[in-house]
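Chains as they are written, first to last, in the working numbering: chain A, 1260 to 1640; chain B, 239 to 493. Heads up, the beta-carbon is just placed ideally off N, CA and C, and yes, glycines get one too.
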């Protein structure tokens, strides 16, 4: 193990795994400990970690990753309809299909970099969205969305059992609803996080960082950068497809709106909010945004009145009226303000804040010794 | 005329024109193994155009560039590097976001693994051989104490040392230097010259484009003088210094 993973990495992974698996307990004080929401935490965590491999490590900002998410959703649904209600073939099929789609989109888009790359990916995603909405209705069922029916063929399942009851995804007969669904998706988040750690610490990851830092130097150093960027693009596209398929496993409906540009923008926000290029940051960003979307949006004046019940009546009404604009329907306002504050004061995202606090504590512990060293280095530099 | 046996780089009868402007005419240049060959000339003489033709960034209008039996014209930068040509830029091109040691390890990976390899299942920290090699290289250029520093925080002179280390770790057969002391203080210029002299003793072939005479005369074995896109003189430093045409065209009677 030591040859494969350093002690520091192992500690990080075990710590992350502990937080994820204990989330049903840890999220209770925040009112977020219910399976539907925690499943989304896992699924969008996967989406953001995969996106970060392209954006954070390689420096290519895709504005169309929701397309791969959507392709994963549709592919998984078709596997449920045609093959089996088992989640494993559905996920495999989704990852393969989104990977193939990423090969095509990446091959063309990666001919450009910077803003032109972003625009190309946005164009592909919007094309996919509009196709799913209109022309491809036989495959996507248009605006109604694709769902399972009793009359679906499900050829593999048909070999073993006769269909009975409403079709729901399962894992070899085990139900995947509720907490089962949470732990099922949590395993995939842990696997994705592990992969992202491996890539980030490998020579391959160092090449991706080199491309982000100075692509010209990479070329004159003897690297053919195109296959590197394409590989990163395909990996992140496949992870987006994995996330899309898991969403269908836990909530069996695939709709075109998942491919819309707002969904692509959301994963960009998640990554920036948590910390671009960090390992844990994208997951935190994803959780924060999903928390705002699901919890903040459900606060109404009654909740606020209870929360501020310690205030005198007149003052309470004013406070409730003002803070009411930031919750419920107005949750986007809170999220937007938070985003602005973080980008202005912590350009490295929440993880930069964590690092600064950690550095301050480390500084206090080491005391004057380290500050003397910092002064000496500054004088030499 | 020497035999072609020890000629590493041959710029064969190269012409380059941009529309009606003849940037390079009748350039024929041979660089021999182990030699430090300087290309000098006044501004607009065609030095940078020639370097860009050699490195494959510009295609010559006619003629060819042959390195070690391979035609370089039309090849991509990474292919030229993999053949054994490394390049130092006028403004140091480094990986500003990576640490100093990672900057030097990266080219070592290119040398060992080639232009593309998906090596995502090993860890950088377990690549001991490459790390040790990089540390030796940093000792050589005097940056070993800064190995964990972010490269972007280095001074201009240190960035140049780092870029040289990044090129040298690949043990290139030919090193191209484009005005390696441009924009440097006198102190940084002198330390860079010292470093280049140190490298010179190892017998690496170098082509250096330079306008600073101090640099050229302290390093070069052979000097080619360009003016108006043509070679007007070629020879050992002392011969070139005494050449009447060079004095007129370039040194302007200052000597």
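- Residue 1371 of chain A and residue 1475 of chain A have their C-alpha atoms roughly 14 Å apart.
- Legend: CB atoms of the region 356-384 of chain B lying less than 8 Å from CB atoms of chain A belong to residues 356, 357, 358, 359, 360, 361, 362, 363, 364 and 365.
- Closest in C-alpha terms to residue 1294 of chain A, from the list A:1306, A:1308, A:1307 and A:1279, comes A:1279.
- Interface annotation, residue 340 of chain B: in contact with chain A, CB-CB separation under 8 Å.
- Taken in chain order, the unbroken stretches of beta strand (DSSP E) that lie wholly in the region 278-324 of chain B and span 3 residues or more are 300-305.
- DSSP lists no beta-bridge partner residue for residue 1354 of chain A.
- Residue 340 of chain B sits in a helix when the DSSP states are folded into three classes.
- Runs of the alpha helix (DSSP H) spanning 4 or more residues and lying entirely within the region 1516-1542 of chain A occur at 1520-1533, in chain order.
- At a cut-off of 8 Å between C-beta atoms, residue 354 of chain B counts as an interface residue with respect to chain A.
- A straight line joining the alpha-carbon of residue 1274 of chain A with that of residue 1306 of chain A spans about 20 Å.
- By the criterion of a C-beta distance shorter than 7 Å, residue 1388 of chain A is surrounded in its chain by 1515, 1518 and 1519, once the five residues flanking it on both sides are discounted.
- Where residue 472 of chain B is concerned, the enclosing beta strand (DSSP E) starts and stops at 468-473.
- Contact annotation: the region 401-418 of chain B touches the region 334-351 of chain B, with at least three C-beta pairs closer than 8 Å.
- A direct Cα-Cα distance of roughly 54 Å separates residue 440 of chain B from residue 1523 of chain A.
- By the criterion of a C-beta distance shorter than 7 Å, residue 1482 of chain A is surrounded in its chain by 1466, once the five residues flanking it on both sides are discounted.
- Proximity of residue 1451 of chain A to chain B, defined by a Cβ-Cβ separation below 8 Å, is not satisfied.
- Excluding the 5 residues flanking it on each side, residue 1528 of chain A has no same chain C-beta neighbour closer than 6 Å.
- Near chain B, meaning a CB-to-CB distance below 9 Å, the residues of the region 1461-1489 of chain A are 1461, 1462, 1463, 1464, 1465, 1466, 1468, 1469, 1471, 1472, 1473, 1475, 1476, 1477, 1478, 1479, 1480, 1481, 1482, 1483, 1484, 1485, 1486 and 1487.
- Interface with chain B (8 Å Cβ-Cβ cutoff): residue 1299 of chain A is excluded.
- In the structure shown, the three-state DSSP call for residue 364 of chain B is helix.
- Between residue 326 of chain B and residue 305 of chain B a beta carbon distance of about 17 Å is seen, past the 8 Å cut, so the two are scored as non-contacting.
- Nearest Cα to residue 390 of chain B within the set A:1473, A:1277, A:1327 and A:1326: A:1473.
- Beyond the five residues adjoining it in sequence on each side, residue 1323 of chain A comes within less than 6 Å, by CB distance, of 1380, 1381, 1383, 1384 and 1523 in the same chain, given in chain order.
- Residues of the region 1341-1369 of chain A with a C-beta less than 8 Å from any C-beta of chain B: none at all.
- With a cut-off of 8 Å on Cβ pairs, the region 1331-1342 of chain A is in contact with the region 1505-1512 of chain A, counting three or more such pairs.
- Interface residue (Cβ-Cβ distance to chain A less than 8 Å): residue 344 of chain B is classified as such.
- Residue pairing by DSSP places residue 268 of chain B opposite B:248 in a beta bridge.
- Nearest C-alpha to residue 1484 of chain A among A:1587, A:1470, A:1493 and A:1415: A:1470.
- One thing to note: residue 1313 of chain A has its Cβ no nearer than 8 Å to the Cβ of residue 1300 of chain A.
- Sequence-distant Cβ neighbours of residue 1438 of chain A in its own chain, meaning closer than 8 Å and more than five residues away, are 1283 and 1294.
- The region 1358-1369 of chain A makes no contact with the region 1434-1453 of chain A: fewer than 3 CB pairs, one atom from each, lie closer than 8 Å.
- Between the region 286-294 of chain B and the region 331-340 of chain B, the count of Cβ pairs shorter than 8 Å is below three; the stretches do not touch.
- For the region 1263-1282 of chain A, the set of residues with a beta-carbon nearer than 9 Å to any beta-carbon of chain B comprises 1263, 1264, 1265 and 1268, in chain order.
- Residue 419 of chain B sits in coil when the DSSP states are folded into three classes, being neither helix nor strand.
- Within the DSSP secondary-structure output, residue 255 of chain B pairs in a beta bridge with B:260.
- Contact between residue 1459 of chain A and residue 1538 of chain A holds: CB atoms are separated by about 6 Å, below the 8 Å threshold.
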